[in-house]
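*Asks:*
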Amino acid sequence: MASLTMPTLSSNLAYSSSIAHFISLAKPTHPNRKTGPKLTCNSTKGDQNSSDHDTAGSKNGETSLLKLDRRNVLLGIGGGLYGASTFGGNPSAFAAPLSPTFTACHDATDPDCKEIDCCPPSATAADIPDFVPTAPSVIATRPPAQLVDSTYLKKYKTAIEKMRNLSSDDPRSFTAQANVHCAYCNGGYYQDGYADSKLLLDVHNSWLFFPFHRWYLYFFEKICQNMVDDDTFALPFWNWDNPPGMFLPAIFKDSSSSLYDSLRNPSHLNTVLDLSYEGTDSTDSTITVIRNNLYLMYKQMVTQSTTPLSFFGKAFRAGETSDPGEGSIETSPHTNVHRWTGDPNESHGENMGSFYSAGRDPVFYSHHANVDRMWSLWNSLGGQNFTDSDWLNSSFYFYNEQAKPVKVYVKDCLDTSVLGYTYQTVDIPWLNSKPSPRRTAIALPTAPTPSQVFPTTLEKAITVLVKRPKKKRTKKEKQRAEEVLEISGIQYNIGEFVKFDVYINEDTPDESGPEKTELVGSFINVPHGHSMISTTTKSFAISEVLQELGADEFESILVTLVPKSSTVTISGVKIKFDNTKVSA
Numbered sequence: 127m128a129s130l131t132m133p134t135l136s137s138n139l140a141y142s143s144s145i146a147h148f149i150s151l152a153k154p155t156h157p158n159r160k161t162g163p164k165l166t167c168n169s170t171k172g173d174q175n176s177s178d179h180d181t182a183g184s185k186n187g188e189t190s191l192l193k194l195d196r197r198n199v200l201l202g203i204g205g206g207l208y209g210a211s212t213f214g215g216n217p218s219a220f221a222a223p224l225s226p227t228f229t230a231c232h233d234a235t236d237p238d239c240k241e242i243d244c245c246p247p248s249a250t251a252a253d254i255p256d257f258v259p260t261a262p263s264v265i266a267t268r269p270p271a272q273l274v275d276s277t278y279l280k281k282y283k284t285a286i287e288k289m290r291n292l293s294s295d296d297p298r299s300f301t302a303q304a305n306v307h308c309a310y311c312n313g314g315y316y317q318d319g320y321a322d323s324k325l326l327l328d329v330h331n332s333w334l335f336f337p338f339h340r341w342y343l344y345f346f347e348k349i350c351q352n353m354v355d356d357d358t359f360a361l362p363f364w365n366w367d368n369p370p371g372m373f374l375p376a377i378f379k380d381s382s383s384s385l386y387d388s389l390r391n392p393s394h395l396n397t398v399l400d401l402s403y404e405g406t407d408s409t410d411s412t413i414t415v416i417r418n419n420l421y422l423m424y425k426q427m428v429t430q431s432t433t434p435l436s437f438f439g440k441a442f443r444a445g446e447t448s449d450p451g452e453g454s455i456e457t458s459p460h461t462n463v464h465r466w467t468g469d470p471n472e473s474h475g476e477n478m479g480s481f482y483s484a485g486r487d488p489v490f491y492s493h494h495a496n497v498d499r500m501w502s503l504w505n506s507l508g509g510q511n512f513t514d515s516d517w518l519n520s521s522f523y524f525y526n527e528q529a530k531p532v533k534v535y536v537k538d539c540l541d542t543s544v545l546g547y548t549y550q551t552v553d554i555p556w557l558n559s560k561p562s563p564r565r566t567a568i569a570l571p572t573a574p575t576p577s578q579v580f581p582t583t584l585e586k587a588i589t590v591l592v593k594r595p596k597k598k599r600t601k602k603e604k605q606r607a608e609e610v611l612e613i614s615g616i617q618y619n620i621g622e623f624v625k626f627d628v629y630i631n632e633d634t635p636d637e638s639g640p641e642k643t644e645l646v647g648s649f650i651n652v653p654h655g656h657s658m659i660s661t662t663t664k665s666f667a668i669s670e671v672l673q674e675l676g677a678d679e680f681e682s683i684l685v686t687l688v689p690k691s692s693t694v695t696i697s698g699v700k701i702k703f704d705n706t707k708v709s710a
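Note that this note's numbering has the sequence shown beginning at 127, numbered continuously upward.
(1) Does the ligand GTP have even one heavy atom less than 7 Å from the beta-carbon of Glu632?
(2) For Asp469, which of Ser458, Asp487, Ile455 and Glu452 has the nearest alpha-carbon?
(3) Helix, strand or coil: which one does DSSP assign to Cys350?
(4) Per DSSP, Ala271 forms a beta bridge with which residues?
(5) Please give me, in chain order, every unbroken run of the alpha helix (DSSP H) with length at least 4 that falls completely inside the region 500–573.
(6) Based on DSSP bridge pairs, tell me the residues matched to Val688.
(7) Going by DSSP, which residues form a beta bridge with Val610?
(8) Can you tell me whether DSSP reads Pro434 as helix, strand or coil?
(9) Where DSSP assigns a beta bridge to Glu452, which residues make up the other side?
(10) Find the nearest neighbour of Ser323 within the set Thr397, Asp541 and Ala444, judged by alpha-carbon distance.
(11) Would DSSP call Pro337 helix, strand or coil?
(12) Quick one, which of Lys530, Glu632 and Thr572 has its alpha-carbon nearest Thr250's?
(13) Counting beta carbon pairs with one atom in the region 616–625 and one in the region 646–663, are three or more of them shorter than 8 Å?
(14) Note down, one range per segment and in chain order, each beta strand (DSSP E) of at least 3 residues found wholly within the region 228–305.
(15) For Arg565, which of Leu422, Met500, Leu645 and Asn331 has the nearest alpha-carbon?
(16) Kindly list the residues whose CB is nearer than 8 Å to the CB of Gly206, restricted to its own chain and excluding five residues on each side of it in sequence; keep chain order.
(17) Cβ atoms of Trp333 and Phe438: under 8 Å apart, would you say?
(18) CA-CA distance, Asn705 and Lys598?
(19) Have a look at Gly475 and His394 and give me their C-alpha separation to the nearest angstrom.
(20) Would you mind stating whether Thr467 and Met478 have Cβ atoms separated by less than 8 Å?
(21) Which value, in whole angstroms, describes the spacing of the CA atoms of Asp633 and Cys239?
(22) In the DSSP assignment, the beta strand (DSSP E) including Ser648 goes from what residue to what residue?
(23) As a quick exercise: from Cys244, Ala321 and Ala271, pick the residue whose alpha carbon is nearest that of Ala304.
(24) If distances are taken between C-alpha atoms only, which option among Thr551, Glu612, Lys602 and Ile630 comes closest to Thr589?
(25) For Thr751, list the residues DSSP reports as bridge partners.
(26) Which two residues bound the contiguous alpha helix (DSSP H) that contains Ile620?
(27) Give me the Cα-Cα distance between Ala484 and Arg594, rounded to the nearest whole angstrom.
(28) Could you have a look at Gln578 and say whether DSSP puts it in helix, strand or coil?
(29) Out of Asp296, Leu326, Pro640 and Pro226, which has the shortest C-alpha to C-alpha gap to Gln528?
(30) Look up Lys596 in the DSSP assignment and say whether it is helix, strand or coil.
(31) Per DSSP, Pro226 is paired with what?
(32) Look up Val694 in the DSSP assignment and say whether it is helix, strand or coil.
(33) Cβ of Thr661 within 8 Å of Cβ of Gly615?
(34) Please report the residue range of the alpha helix (DSSP H) in which Arg417 lies.
(35) Taking the alpha carbon of Cys539 as the reference point, which residue from Trp501, Leu570 and Ser638 has its own alpha carbon closest?
(36) Classify Arg290 as buried or exposed, calling it buried when 16 or more other Cβ atoms lie within 10 Å of its own Cβ.
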């Protein structure tokens with residue numbers, strides 16, 4: 127993916143947490159929900175009750191003598207195996223695929239720290255079989271929502287209506303299906319084997335994002351097929367990467383329809399979707415917003431998706447705290463569409479604007495169908511999936527169309543034809559929407575004045591001069607490893623919407639929008655879980671960016687961070703190499 131020459135597109139297209147004190151388990155109040163070890167509001171991930179832990183030697187709440195990385199425990203702190211300065215080295219000498227404590231689900235929490243019962247019906251682990259899909263004789267085609275006909279629409283409305291009419295105790299009901307997202311995203315499960323340490327399994331902000339949602343939609347679609355007795359039925363996708371689809375699809379607007387949800391932004395029902403939305407409506411014309419959407423799509427799908435790590439997100443293994451770092455598409459447009467759709471009159475932008483409630487809006491499933499389509503498109507453009515066994519063997523649990531629980535693995539969802547679906551072919555105009563630089567080879571200061579000191583609270587725009595590990599890399603070196611800008615130690619409240627933009631060699635950020643190379647991208651968080659401080663990393667691929675900006679020979683680059691919402695703390699900014707690059 128280093129080259130911008132695109133192949134022909136087809137339609138298929140560590141133990142890291144506090145060493146927690148044991149808390150006695152209370153008597154369960156739900157047959158499949160356990161009460162007991164819970165996260166305390168305003169705590170830090172992996173440190174659920176900071177008053178109970180020794181924090182000697184901590185700095186800004188980030189580290190503690192008792193917070194040991196799982197791999198350091200196993201291999202010895204400072205062991206050479208994890209001392210590499212690049213991404214993509216040997217990830218672990220120990221198998222550590224993730225799996226949830228499905229049979230010991232507990233209450234999730236909303237951003238206000240209210241407990242939510244999102245747990246599925248009771249199940250016994252011994253009775254849950256592994257599910258391995260086999261390619262069906264007929265492949266269902268997922269259509270763009272703006273092109274479906276009346277026959278299709280009637281069938282889809284019937285499927286959702288029947289699901290809504292099922293008892294909430296039925297795992298196929300619309301309520302139960304919406305709760306799947308709540309449980310997996312708002313703290314309903316611990317990691318299997320780490321419940322005593324209260325290590326949560328969150329499917330966002332890591333390499334689990336794409337495969338979890340693919341399986342989630344697979345079973346949702348199977349349930350819809352079952353409701354209408356049609357194995358060829360397929361979910362519609364919200365085609366927000368294509369101008370005709372850059373509006374809320376009309377099929378979701380009829381207030382008498384089962385596809386309707388009242389908690390949507392009333393100002394956005396008939397306006398163009400802004401894929402860069404940050405809470406304030408753009409004053410640009412519809413044509414300009416559409417143009418900028420296409421520029422953003424190119425950045426996220428091409429410039430910022432040159433490696434598996436940059437596309438999928440960072441590795442998340444058993445025994446590690448969640449939220450290691452999100453991939454390009456999860457950041458945007460995925461997050462922005464959630465925020466744009468949700469009702470700003472609700473406390474946390476419910477339904478779509480908050481993860482615990484997002485699945486309650488039928489448009490969620492069409493939104494994520496297009497997110498899933500991005501994975502298929504990326505593969506068709508030459509993007510290669512991880513081969514890491516911890517990713518391939520990570521697993522999830524779902525209820526199938528027969529209301530039976532099954533266990534599924536990431537490795538079994540990589541081929542959509544085996545899963546029985548494909549996507550209808552539509553135009554992909556963003557492939558021809560490469561941003562251009564505002565300026566090239568600009569003169570940089572020897573150091574910003576005054577010099578930026580880290581850690582720092584991002585209350586206003588900051589600028590830092592960042593030294594590159596090597597300048598004037600050869601073509602072969604660029605093919606072998608992506609140069610990456612890494613923003614580390616990002617501390618933020620996961621219960622709030624958070625966003626900041628990142629620029630390279632741009633001293634006047636207001637002059638560079640999505641159409642300009644200088645705006646590299648953003649860090650964005652949709653509220654999920656309760657008010658809790660999490661620490662993560664955000665990386666940006668910059669090999670192409672530096673070339674476009676005429677900065678290949680620069681020893682250092684100017685990086686500017688511009689806050690757009692809630693305050694975050696940043697621990698550092700550096701440049702390194704990701705040697706998992708897909709291809710030349």
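Every residue, glycine too, gets a C-beta built ideally from N, C-alpha and C.
*Replies:* Taking the structure as given:
(1) No copy of the ligand GTP occurs in the structure displayed, which carries no ligand at all.
(2) For this step, residue 469 is matched to residue 343 along the sequence shown. Comparing C-alpha distances from Asp469 to each of Ser458, Asp487, Ile455 and Glu452 shows the shortest one belongs to Asp487.
(3) One-based indexing of the sequence shown puts residue 350 at position 224. Reduced to three states, the DSSP call for Cys350 is helix.
(4) By 1-based counting over the sequence shown, the position of residue 271 is 145. DSSP, once it has assigned bridges, lists no residue as partnering Ala271.
(5) 515–518 and 542–545
(6) Position 562 of the sequence shown, counting from 1, holds the residue named residue 688. Per DSSP, Asp627.
(7) Counting from one through the sequence shown, the residue named residue 610 turns up at place 484. According to DSSP, which records beta bridges pairwise, Val610 is partnered with Ala667 and Lys702.
(8) Here residue 434 is taken as the residue at index 308 of the sequence shown, counted from 1. In this structure, Pro434 counts as helix in the three-state DSSP scheme.
(9) Counting from 1 along the sequence shown, the entry for residue 452 is found at position 326. Glu452 pairs with Gly439.
(10) The residue labelled residue 323 in the question sits at position 197 within the sequence shown. It is Ala444.
(11) Position 211 of the sequence shown, counted from the first residue, corresponds to residue 337. Of the three classes helix, strand and coil, the one that applies to Pro337 here is helix, per DSSP.
(12) Numbered from 1 along the sequence shown, position 124 holds the residue referred to as residue 250. Ranking Lys530, Glu632 and Thr572 by CA distance to the CA of Thr250 puts Lys530 first.
(13) yes
(14) Those beta strand (DSSP E) runs which fall completely within the region 228–305 and span 3+ residues are 266–268.
(15) Along the sequence shown, one-based indexing puts residue 565 at 439. Closest option to Arg565, Cα to Cα, is Leu645.
(16) Taking the first residue of the sequence shown as 1, we reach residue 206 at position 80. Here Gly206 scores only 28 on pLDDT, less than 50, and its place in the model is too uncertain to base an answer on.
(17) For this step, residue 438 is matched to residue 312 along the sequence shown. For this step, residue 333 is matched to residue 207 along the sequence shown. Cβ atoms of Phe438 and Trp333: closer than 8 Å.
(18) On the sequence shown, residue 705 is found 579 positions in, with the first residue counted as 1. On the sequence shown, residue 598 is found 472 positions in, with the first residue counted as 1. If I take the Cα positions, the gap works out to 17 Å.
(19) Walking along the sequence shown from the start, residue 475 turns up at place 349. Walking along the sequence shown from the start, residue 394 turns up at place 268. Spanning the two alpha carbons is a distance of roughly 13 Å.
(20) Numbered from its first residue, the sequence shown carries residue 467 at position 341. Numbered from its first residue, the sequence shown carries residue 478 at position 352. Yes, these two residues count as a Cβ contact at 8 Å.
(21) On the sequence shown, position 507 is the one that residue 633 refers to. On the sequence shown, position 113 is the one that residue 239 refers to. Their Cα atoms are separated by approximately 40 Å.
(22) Counted from its first residue, the sequence shown places residue 648 at position 522. First-last of the beta strand (DSSP E) with Ser648: Leu645 to Asn651.
(23) Along the sequence shown, read from residue 1 onward, the residue named residue 304 stands at position 178. Of Cys244, Ala321 and Ala271, the residue nearest in Cα terms is Cys244.
(24) As a first step, residue 589 must be located in the sequence shown, where it is residue number 463. Here the closest residue by C-alpha is Ile630.
(25) Given that the chain is displayed from residue 127 to residue 710, the structure contains no residue 751 and the question cannot be resolved.
(26) The residue you call residue 620 lines up with position 494 of the sequence shown. Counting along the chain, Ile620 falls outside any alpha helix (DSSP H), and DSSP gives it neither H nor E.
(27) Translated into positions along the sequence shown, residue 484 becomes position 358. Translated into positions along the sequence shown, residue 594 becomes position 468. Cα to Cα, Ala484 sits roughly 41 Å from Arg594.
(28) Position 452 of the sequence shown, counting from 1, holds the residue named residue 578. If DSSP states are grouped into helix, strand and coil, Gln578 belongs with coil.
(29) Taking the first residue of the sequence shown as position 1, residue 528 is located at position 402. Of Asp296, Leu326, Pro640 and Pro226, the residue nearest in Cα terms is Asp296.
(30) Residue 596 sits at position 470 when you count from the first residue of the sequence shown. Coil at Lys596, not helix or strand.
(31) Along the sequence shown, one-based indexing puts residue 226 at 100. Beta-bridge pairing links Pro226 to Gln317.
(32) Looking up residue 694 in the sequence shown gives position 568. Of the three classes helix, strand and coil, the one that applies to Val694 here is coil, per DSSP.
(33) Mapped onto the sequence shown, residue 661 falls at position 535. Mapped onto the sequence shown, residue 615 falls at position 489. Yes, these two residues count as a Cβ contact at 8 Å.
(34) In the sequence shown, counting from the first residue as 1, residue 417 sits at position 291. Looking at the DSSP string, the run of the alpha helix (DSSP H) that includes Arg417 is Thr412 to Tyr424.
(35) Sequence index remark: in the sequence shown, residue 539 carries index 413 (1-based). Taking only the C-alpha atoms, the option nearest Cys539 is Trp501.
(36) Stepping through the sequence shown from its first residue, residue 290 is reached at position 164. So Arg290 ends up on the exposed side.
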